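According to numbering that gives the first Met the number 0, the first sequence holds residues 0 to 143 in order.
For reference, the structure discussed in these notes is given below.
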Amino acid sequence: MAFSSARAPRAAKPSSAPVGPRAARGSASKALPHSLRGAHRLRYAEEFAAVFAQGSTRTGVYFRIHFRPNKLPQGRLGLVVPKRAEPAATRRNYAKRLIRELVRSRLRDIQGFDLVVRLRKAILREDAPLARAELERLLGEVRQ
RNA sequence: GAAGCUGGCCAGACAGUCGCUGCCAUCCCUCGUGGGUGGGAGAGGAAAGUCCGGGCUCCGCAGAGCAGGAUGCCGGCUAACGGCCGGACGCCGCGAGGCGAUGGAAAGUGCCACAGAAAACAUACCGCCUAAGUCCGGCUCGCCGGAUUUGCCGCCCGCAAGGGCGGCAAGUCCCCCAAGUAGAGCAGAUGCGCCAGUGGCAACGCUGGUGGCGGGCUCGGCGAGCCGGGCCGGUAAGGGUGAAAAGGUGCGAAGCGGCGCAAGCCGCUUGGGGGCUUUCGGCGAGGGUGACCGUCAGGUCAGCCGAAGCCAAAUGUCACCGUAAGAGCGCACCGCGCUCCUGGCAACAGGGGCGGCAGGGUAAACCCCAUCCGGAGCAAGACCAAGUAGGGGAACGACAGUGCUGCUCGCGCUGUUCCCGGGUAGGUCGCUCGAGCGUGCGGGCAACCGUACGCCUAGAGGAAUGACUGUCCACGACAGAACCCGGCUUAUCGGCCAGCUUUUUUC
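Following this line, the structure appears as structure tokens:
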């Protein structure tokens, strides 16, 4: 099970978690937020665990997404790219970039949600459009 | 030009838009894991495998022995190395060059496919030899009795008692014999015998019959001799195999074989052990000399002489063995071993001399030898905040457990008592200025070293380099930092540069 990513979960303390919320104001001044900086990320193991435990799930060929309302003005993204799905480090990085780029352009769809995207199958470079379309479809289901 | 060899370098480029992570400057706020603006930086030659070596950090430092691991031609470089450089040697390549864990195989153990008698030294096997022994087979020759006791039967002699002869059965013995245990059967009318007839005075015949004896033939038993084979025994040379079975090659001479009319040419061989022995030599009971010691019996040491006998033995000689046959040599070179000289720091190379040519390979098989090796690793480790009883020090110390890489000894810890006050992935540091990079100069064949000047070149922490658009080209491989260096190995699209080699003037 996803060694590289599962490392974090255990530790995060509950007390330190709820700091992020306020940051959203700065970006809120802009019409469309395109940034995926600190406030838009899931950082702690407890946050991941909460999404897995309480969120909804949609599954496709390449991805499985978990999401849950977070009572914040912005959406937050977490990635799980297991070594089992993609053994080569280079292509694992490629998959993360692909996901981040796509989510960044669709930030509005996940506003107010914590989202975890989990890779299920290696994405070959020539299959990228397929994977991209699938992720867009899955993201579309978040708000329903 | 083409084909190659070696070394080095690059790792799509440019522009725009939207994004990501640090850094610097500045600004804003709800003051922190926040945000805005500007500037500048942002993966690799392998970042990989984690295979070596080191730095750094903590732990241990009480060691000793055994075990274990690594390395393995020589010299140098280096912080260190299993790396690099230079050299030596071996192999490969026409060559530039490439490859090589390259100490020891007379310390021991093991292994050596197939083939082969045999794969390691001692045999066994084939082959060869074979006196005696033993077994089997063949051929030839010989033998298949005698004496005696008892019983029975037959015949003869005698009036009878009884005696004689022969046969059979059982038993005993062996003077003699190479053998006597075992004989059985068949045929034939001729040698003997017997019967009948007949001739003759007789000796002696003739004719016919008979199958008793001898002889013949067949089978059988036994013995001897010879031959052959097996076992046992001996065995030096030889044994188409194989990567390898104990040196090789050349010339001359000799011999044999083949080819050729011949001259001549070609091929093969020139081995093996053994007996005897002169001289020289060794051992040798003992004798004698000198020195020393001594309890005066002798002892020790060093020379000398030395009977019988034994050993060794070049050479000589003698036959013998093997080979299709015969000859039963000589010289030289290479290799090998020992030794000396020269050159080299050394590995090693060159040369000279001597030699009874005696000993397969494998050590990335165990092993032996030499050298080196404390453990764990940045989740090391340090600090801070918040927070529960985990930790540290000292003293004592029997058992048990446990730690010190493994084992043994040994030492420590867990244990008890007393004292101290804070473990952990939440954060900060460690975290990138370093055995650093570039250029020049100097030293060195080189690896590398020294020096001057210049430069700062990722530091993330769910983890940063991407997406889209356009243009161009040789159409883009392998692949993503996680404490840091030096190496090795592996993966890899294409291309560039330098030096060199071969072929050579057109492939």
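Note that the Cβ used here is the ideal one computed from N, Cα and C, for glycine as well.
In this text the structure is predicted, and so the values were computed from the model without any measurement.
Near the ligand ADP: residue i beta-carbon under 7 Å from a heavy atom
| i | result |
| --- | --- |
| Ile122 | Summarising the ligand content, the structure contains no ligands, and the ligand ADP is consequently not present. |
Between the CA atoms of residue j and residue i - distance to the nearest angstrom
| i | j | result |
| --- | --- | --- |
| Ser55 | Asp108 | 15 Å |
| Ile122 | Ala130 | 7 Å |
| Val115 | Val79 | 7 Å |
| His39 | Gly77 | 9 Å |
Beta carbon of residue i nearer than 8 Å to that of residue j
| i | j | result |
| --- | --- | --- |
| Gly139 | Gly111 | no |
Reduced DSSP category for residue i - H, G, I as helix; E, B as strand; rest coil
| i | result |
| --- | --- |
| Pro86 | coil |
| Ile109 | helix |
| Ile98 | helix |
Buried versus exposed, by CB contacts within 10 Å (16 or more), residue i
| i | result |
| --- | --- |
| Asn92 | exposed |
| Glu125 | exposed |
| Pro20 | Residue placement at Pro20 is flagged as unreliable, the pLDDT there being 30, under the threshold of 50; the coordinate-derived value follows with that caveat. Under this definition Pro20 is an exposed residue. |
| Arg96 | exposed |
Pick from the options that is closest to residue i, judged by C-alpha positions
| i | options | result |
| --- | --- | --- |
| Lys120 | Asn69, Ala52 and Glu133 | Glu133 |
| Arg83 | Arg117, His65, Asn69 and Arg67 | Arg117 |
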